[in-house]
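Protein chains in written order, with my numbering: chain A, 3 to 281; chain B, 11 to 343. Every residue, glycine too, gets a C-beta built ideally from N, C-alpha and C. Notes follow once the structure below has been shown.
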Amino acid sequence: MKALLELSNVGMKFDTPKGQFEALKDVNLKIDSGEFVSLIGHSGCGKSTVLNIVAGLLQATDGGVILDKHEVTEPGPERAVVFQNHSLLPWLTAFENVELAVKQVFRKTKSKAEIRDWVEHNLELVHMAHAMHKKPDEISGGMKQRVGIARALAMQPQVLLMDEPFGALDALTRAHLQDSLMEIHAQLGTTVIMITHDVDEAVLLSDRIVMMTNGPSATIGEILEVTVPRPRDRLALADDPTFVRCRQRVLQFLYEKQRKVEPLPRRNSAKAEANRKRA
Amino acid sequence: MVTLTFPTWMEPYRALVTGKMTGEQWQTLLRQLIWPVLGMAVFLLLWQLAAQRIDTSLGQFPGPADVWEQAGTLVDEHQATRAKEEAFHERQEKYIASRLEQQPEWEPVYRDYTGAPTFFDQIGTSLITVMSGFLLASVIAIPLGIFIGLSNTAHAAMNPLIQLFKPVSPLAWLPLVTMVVSAVYVSDDPLVAKSFLTSMFTVTLCCLWPTLMNTAVGVTSVSQDLTNVSKVLRLNALSHVGKIVLPSALPMMFTGLRLSLGIAWMVLIAAEMLAQNPGLGKFVWDEFQNGSSQSLGRIMVAVIVIGLIGFLLDRLMLMLQRALVWDKSSVQR
Numbered sequence: 003m004k005a006l007l008e009l010s011n012v013g014m015k016f017d018t019p020k021g022q023f024e025a026l027k028d029v030n031l032k033i034d035s036g037e038f039v040s041l042i043g044h045s046g047c048g049k050s051t052v053l054n055i056v057a058g059l060l061q062a063t064d065g066g067v068i069l070d071k072h073e074v075t076e077p078g079p080e081r082a083v084v085f086q087n088h089s090l091l092p093w094l095t096a097f098e099n100v101e102l103a104v105k106q107v108f109r110k111t112k113s114k115a116e117i118r119d120w121v122e123h124n125l126e127l128v129h130m131a132h133a134m135h136k137k138p139d140e141i142s143g144g145m146k147q148r149v150g151i152a153r154a155l156a157m158q159p160q161v162l163l164m165d166e167p168f169g170a171l172d173a174l175t176r177a178h179l180q181d182s183l184m185e186i187h188a189q190l191g192t193t194v195i196m197i198t199h200d201v202d203e204a205v206l207l208s209d210r211i212v213m214m215t216n217g218p219s220a221t222i223g224e225i226l227e228v229t230v231p232r233p234r235d236r237l238a239l240a241d242d243p244t245f246v247r248c249r250q251r252v253l254q255f256l257y258e259k260q261r262k263v264e265p266l267p268r269r270n271s272a273k274a275e276a277n278r279k280r281a
Numbered sequence: 011m012v013t014l015t016f017p018t019w020m021e022p023y024r025a026l027v028t029g030k031m032t033g034e035q036w037q038t039l040l041r042q043l044i045w046p047v048l049g050m051a052v053f054l055l056l057w058q059l060a061a062q063r064i065d066t067s068l069g070q071f072p073g074p075a076d077v078w079e080q081a082g083t084l085v086d087e088h089q090a091t092r093a094k095e096e097a098f099h100e101r102q103e104k105y106i107a108s109r110l111e112q113q114p115e116w117e118p119v120y121r122d123y124t125g126a127p128t129f130f131d132q133i134g135t136s137l138i139t140v141m142s143g144f145l146l147a148s149v150i151a152i153p154l155g156i157f158i159g160l161s162n163t164a165h166a167a168m169n170p171l172i173q174l175f176k177p178v179s180p181l182a183w184l185p186l187v188t189m190v191v192s193a194v195y196v197s198d199d200p201l202v203a204k205s206f207l208t209s210m211f212t213v214t215l216c217c218l219w220p221t222l223m224n225t226a227v228g229v230t231s232v233s234q235d236l237t238n239v240s241k242v243l244r245l246n247a248l249s250h251v252g253k254i255v256l257p258s259a260l261p262m263m264f265t266g267l268r269l270s271l272g273i274a275w276m277v278l279i280a281a282e283m284l285a286q287n288p289g290l291g292k293f294v295w296d297e298f299q300n301g302s303s304q305s306l307g308r309i310m311v312a313v314i315v316i317g318l319i320g321f322l323l324d325r326l327m328l329m330l331q332r333a334l335v336w337d338k339s340s341v342q343r
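What follows is the structure, encoded as structure tokens:
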């Protein structure tokens, strides 16, 4: 079977006042349809850069990304992104936020009633039907992230990209959302790439865990197949030998092989530079 | 048995009447009523004391009582003028009716009453002028601000000009505006008076800047996340501005609009005074030139009315802001 998404020799160099900075080098990855892949690594290792390149928000300086036979050159709804801090429009209700995306994607193919039904369907999927006419600042952080996921799912993306989606949430809320996400993934079979720095989260949710080395010139260090059968239950998994072994492998990679010695100010300034390209 | 419900701000007063005041209600009462009234009373007292010690060539400086009296006179004058005007129109109607009886083929000529504008007419003129100037400024500044905020090139090109013209006093613009309006606005049957245009354009030129700057800043500070959402959704330029940029910038834009309206009102009075254009400014100047013993009192009435209108205009903008802006925390007092 041919991979749905293919990253070949992806590299990323940023121009900084101190010269060129190579953030990513030779990232090669093939992802099959329906697969759930996590990217894990220490902060600043370029996980977000990889995700932004797949999203089309950044253009790789070397190599390229092919999604379903088309090269990725710009952002688009077929690669919907769930951002870390929900990124809902604060002046719109949950319903209107999702509606904006649905109207944009299905304007030509769905009738008004169908659009409304589709928005409601997706909000129900993330268990947000009860609060769909509330504005973002009237609902909790976890609920906002649910709406963010509903908005991304409503675009019917070929790949769902999630940038540390639960990073800003408390542990209990995070567990709820992880369960919801597993449920949705089982139901829809969406292809997902998720960035995380939570080892348990990565093992629980993923089919494969892609571990990244520390930068500069970060690349893929190891790829771990998580063979734990689905559906997975977090309580039963706590002492499942496969689960424990996978967890061990990731921890070893992060804290023995890629132990982070010191913060690298040079890299940070390069990242900041890239983020601040408009300023 | 009738149960009355009171709005929350009235609660302390109800408690005062019924004699059941809590400590917190006393605090509210002090803050809402007693301190402001006390502040006002002290001010009036100091004013009275100071006024007694100031002798001008137009007589003693007016105290609060004199000013109150003059306010009454201004109301009376206004009513008297209105009565005269009505009488004039009645006479005209009668004359036309009687002449038409004798000469049915005669084309009647209606004339307007040409008495001097009263204090209240001047208030009306000033309000219309300030709103026109402010609206024109907003119509220019908001789109331009959005453009500057969106485009780094436009910002680089226009920023020096903005910085240069922003601090210019209205009085400096006034002669130029007057001359240009006289030269350009030539019409046998003018829709509006030249003086109105001069005042309006001066107001526009001076109150453009806060709205322009704040809109531009509001647009520049649209969060990167929301811009990314817009990119992922592939919103075209128009929807990007309409659905993401404008709502994001709205709180800042309103801050600018409120500042602009405040400046507009201040500038207008100065412009009217200097250019002898109809309005409250002209009223003040006329009274000053008049130099009667009541003049200072009448000017003082105008000063208070100008302050009051400025305050009301600001409240109006605040209400509009509260009604329209999604981010309630951005609405300051």
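Give a yes or no on whether the C-beta atoms belonging to residue i and residue j are separated by under 7 Å.
i	j	result
VAL311 of chain B	VAL77 of chain B	yes
ASN124 of chain A	LEU90 of chain A	no
LEU53 of chain A	ILE197 of chain A	yes
ALA5 of chain A	ILE42 of chain A	no
GLY134 of chain B	VAL229 of chain B	no
ALA51 of chain B	GLN35 of chain B	no
LEU54 of chain B	PRO74 of chain B	yes
Comparing alpha-carbon positions, which option in the options lies nearest residue i?
i	options	result
LYS136 of chain A	A:PHE168, A:ALA96 and A:ASP28	A:ALA96
VAL228 of chain A	A:CYS248, A:ARG153 and A:ARG118	A:CYS248
ASP235 of chain B	A:ASP139, A:ILE55, A:VAL84 and A:LEU253	A:VAL84
SER136 of chain B	B:SER302, B:PHE298 and B:GLY289	B:GLY289
ARG325 of chain B	B:GLY29, B:ASP337, B:LEU267 and B:VAL196	B:LEU267
PHE175 of chain B	B:LEU215, B:ILE150 and B:ASP86	B:LEU215
HIS99 of chain B	B:ALA75, B:GLN62, B:GLN113 and B:TYR120	B:TYR120
LYS94 of chain B	B:THR128, B:ILE273, B:LEU59 and B:PRO118	B:THR128
GLN250 of chain A	A:ILE211, A:ILE222, A:ALA131 and A:ARG148	A:ILE211
Taking just the CA atoms, how far does residue j sit from residue i?
i	j	result
LEU354 of chain B	THR91 of chain B	The structure shown has nothing for residue 354 of chain B, since chain B only spans 11 to 343.
PHE23 of chain A	THR215 of chain A	16 Å
TRP219 of chain B	SER270 of chain B	7 Å
VAL104 of chain A	LEU48 of chain B	60 Å
LYS259 of chain A	VAL205 of chain A	19 Å
GLN89 of chain B	GLY125 of chain B	13 Å
VAL39 of chain A	ILE225 of chain A	10 Å
ASP242 of chain A	ARG236 of chain A	10 Å
LEU253 of chain A	GLY169 of chain A	18 Å
SER208 of chain A	ILE172 of chain B	55 Å
GLY144 of chain A	ILE316 of chain B	52 Å
SER182 of chain A	VAL227 of chain B	40 Å
THR244 of chain A	GLU185 of chain A	21 Å
PHE16 of chain A	LYS49 of chain A	15 Å
LYS292 of chain B	ILE279 of chain B	8 Å
ALA151 of chain B	THR225 of chain B	8 Å
ARG244 of chain B	ASN99 of chain A	15 Å
HIS44 of chain A	LEU256 of chain A	7 Å
TRP57 of chain B	GLY320 of chain B	22 Å
MET189 of chain B	TRP336 of chain B	44 Å
ASP139 of chain A	PRO185 of chain B	51 Å
VAL232 of chain B	HIS165 of chain B	16 Å
ASN162 of chain B	ASN246 of chain B	19 Å
GLU116 of chain A	GLU101 of chain A	11 Å
HIS187 of chain A	ASN238 of chain B	24 Å
Who are the Cβ neighbours of residue i in its own chain at under 8 Å, not counting the five residues just before and after it?
i	result
LEU334 of chain B	LEU260 and PHE264
GLY13 of chain A	GLU24, LEU26, LYS27, ASP28, VAL29, ALA62, THR63, ASP64 and GLY65
Apart from the five residues just before and just after residue i, which ones in its own chain have a Cβ nearer than 6 Å to its Cβ?
i	result
VAL107 of chain A	PRO79 and MET157
ILE44 of chain B	none
CYS47 of chain A	MET214, ASN216, GLY217 and ALA220
VAL27 of chain B	none
GLY155 of chain B	LEU222, THR225 and ALA226
GLU73 of chain A	GLY66
Leaving aside the five residues before and after residue i along the sequence, list all residues of the same chain whose C-beta is less than 7 Å from its C-beta, in chain order.
i	result
SER240 of chain B	HIS250 and ILE254
GLY36 of chain A	GLY191 and THR193
MET168 of chain B	ILE158
> Would you call the segment 250 to 259 of chain B and the segment 293 to 310 of chain B in contact, with 3 or more CB pairs under 8 Å?
Replying inline: no
> Any contact of the segment 229 to 247 of chain A with the segment 56 to 64 of chain A, i.e. 3+ C-beta pairs under 8 Å?
Replying inline: no
>> Taking contact to mean 3 or more Cβ pairs, one atom from each stretch, closer than 8 Å, check whether the segment 189 to 201 of chain A and the segment 157 to 164 of chain A are in contact.
In response: yes
> Using 8 Å as the Cβ pair cut-off and three pairs as the minimum, do the segment 138 to 153 of chain B and the segment 199 to 219 of chain B touch?
Replying inline: yes
>> Quick test of the definition: if touching needs 3 or more C-beta pairs under 8 Å, does the segment 181 to 194 of chain B touch the segment 276 to 292 of chain B?
In response: yes
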